[in-house]
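Enquirer:
In the UniProt record's numbering, the protein residues as written are 1 to 288.
1. Only counting runs of 3 or more residues, tell me where the beta strand (DSSP E) segments fall wholly within the stretch 93 to 176, in order along the chain.
2. What are the start and end residues of the beta strand (DSSP E) that includes residue 202?
3. Anyone know if the C-beta pair for residue 110 and residue 100 falls short of 8 Å?
4. Could you round the C-beta distance between residue 129 and residue 112 to whole angstroms and report it? I think they count as a contact, below 8 Å.
5. How do the stretch 130 to 148 and the stretch 232 to 239 stand: do at least 3 beta-carbon pairs fall below 8 Å, yes or no?
6. Would residue 284 pass as a contact of residue 161 if the rule is Cβ separation under 8 Å?
7. Would you mind reading off the limits of the beta strand (DSSP E) that contains residue 39?
8. Just the C-alpha distance for residue 215 and residue 229, rounded to the nearest angstrom, thanks.
9. Residue 180 by DSSP, collapsed to three states: which one?
10. Name the residue from 36, 83 and 126 whose alpha carbon lies nearest to the alpha carbon of residue 69.
11. Considering only residues of the same chain and omitting the five flanking positions on each side of residue 22, which have a CB-CB separation below 8 Å?
12. Spatial neighbours of residue 90 within its chain, please: CB distance less than 7 Å, with the 5 preceding and 5 following residues excluded, ordered by chain position.
13. By a C-beta neighbour count over all protein chains shown, 10 Å radius and 16 as the cutoff for buried, is residue 212 buried or exposed?
14. Assuming residue 108 contacts residue 60 (C-beta within less than 8 Å), just tell me the rounded distance between them.
15. Which term fits residue 3, buried or exposed, when burial requires 16 or more other beta carbons within 10 angstroms of its beta carbon?
16. Going by DSSP in three states, residue 250 sits in which element: helix, strand or coil?
17. Using three-state DSSP, classify residue 238 as helix, strand or coil.
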């Protein structure tokens with residue numbers, strides 16, 4: 001049995017069920033164990049009874065019983081749909097984000113729904129943002145069309161996280177038997193389009209040469225992968241959002257800058273986690 005583990009943040013929401021389905025498909029390809037994890041996060045405040053009428057609160061025992069039943073249902077459903085995948089469950093009386101980050105030390109992947117645990121429907125959950133920014137392993141946020149049969153799409157720049165992104169993307173393309181598209185986008189800054197070297201919006205060979213060499217080096221490690229390298233003059237957020245409409249998985253790095261480095265995702269990463277049309281894998285430069 002594989003010692004690799006995929007941890008799924010599970011809260012019974014439709015987004016969590018989509019995340020679980022994606023994780024089970026991934027485990028079928030890799031042989032990993034899938035762990036359905038739930039954190040019981042209780043409110044840290046309550047209204048003063050003397051000031052407002054008391055609010056009926058569901059007993060903790062009932063909440064736990066219902067969640068335990070949901071986890072058992074998730075395992076039973078996985079046994080029917082993915083009989084070859086080993087599944088487990090776990091719960092914790094702690095914050096979901098911090099617990100998932102800690103569990104990521106010993107996981108192959110953390111898989112989350114696009115706004116599970118969020119108090120506001122339609123917004124990316126704070127847990128997803130925090131775990132994506134701090135996890136010790138790649139984090140997949142399942143959103144959009146999780147069942148699309150397209151290429152793996154990876155985005156790199158000149159940051160140290162590019163090697164981690166490429167390693168993850170090539171591996172997923174190889175295990176999934178799918179093509180890989182690697183995109184390097186140069187934002188068109190003021191005056192760039194007036195430079196004759198950038199005529200017709202093309203990146204000159206001399207500028208894109210290091211990018212092409214990097215892809216050739218990685219392709220030599222995964223010769224079975226059909227890879228396409230695209231160098232474009234466009235804002236990365238726009239290019240990658242469009243690429244996600246035909247991709248099956250979008251792989252990005254994150255390297256927040258400034259005094260909040262490590263606390264926040266970069267602006268492009270946050271945009272894609274909210275607007276991509278397919279699941280997004282976030283690979284930190286410090287990930288294993």
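Just so it is clear, CB atoms sit at the ideal spot from N, CA and C, and this is done for glycine as well.
Expert: A quick look at the data gives this:
1. Along the length of the stretch 93 to 176, whole beta strand (DSSP E) runs at least 3 residues long occupy 109 to 113, 139 to 142 and 152 to 156, reported in chain order.
2. Within the chain shown, numbered from 1, the residue matching residue 202 stands at position 202. For residue 202, there is no enclosing beta strand (DSSP E), as DSSP marks it with neither H nor E.
3. Looking up residue 110 in the chain shown gives position 110. Looking up residue 100 in the chain shown gives position 100. Yes, Cβ-Cβ distance for residue 110 and residue 100 is below 8 Å.
4. Sequence index remark: in the chain shown, residue 129 carries index 129 (1-based). Sequence index remark: in the chain shown, residue 112 carries index 112 (1-based). Not confirmed; about 10 Å, so no contact.
5. Counting Cβ pairs under 8 Å, fewer than three are found: no touch.
6. Translated into positions along the chain shown, residue 284 becomes position 284. Translated into positions along the chain shown, residue 161 becomes position 161. Residue 161 is positioned such that its CB atom lies closer than 8 Å to that of residue 284.
7. To locate residue 39, count along the chain shown from 1; it is residue 39. First-last of the beta strand (DSSP E) with residue 39: 33 to 39.
8. Against the chain shown, residue 215 aligns to sequence position 215. Against the chain shown, residue 229 aligns to sequence position 229. Rounded to the nearest whole angstrom, the C-alpha separation of residue 215 and residue 229 is 7 Å.
9. Here residue 180 is taken as the residue at index 180 of the chain shown, counted from 1. Strand, per DSSP.
10. Here residue 69 refers to the residue found at position 69 when the chain shown is read from its first residue. Measuring C-alpha to C-alpha distances from residue 69 to each of 36, 83 and 126 identifies 36 as the nearest.
11. Indexing the chain shown from 1 puts residue 22 at position 22. These residues qualify, in order along the chain: 111, 140, 142, 146 and 279.
12. Looking up residue 90 in the chain shown gives position 90. Around residue 90: 35 and 37.
13. Counting from 1 along the chain shown, the entry for residue 212 is found at position 212. So residue 212 counts as exposed.
14. For the purposes of this step, residue 108 is taken as the residue at position 108 of the chain shown. For the purposes of this step, residue 60 is taken as the residue at position 60 of the chain shown. No, residue 108 and residue 60 are not in contact; Cβ-Cβ is about 33 Å, not under 8 Å.
15. Residue numbering aside, residue 3 sits at position 3 when the chain shown is read from its first letter. Exposed is the call here.
16. If you number the chain shown from 1, residue 250 lands on position 250. In the structure shown, residue 250 adopts extended strand secondary structure according to DSSP, grouped into three states.
17. In the chain shown, counting from the first residue as 1, residue 238 sits at position 238. Residue state, collapsed to three classes: helix.
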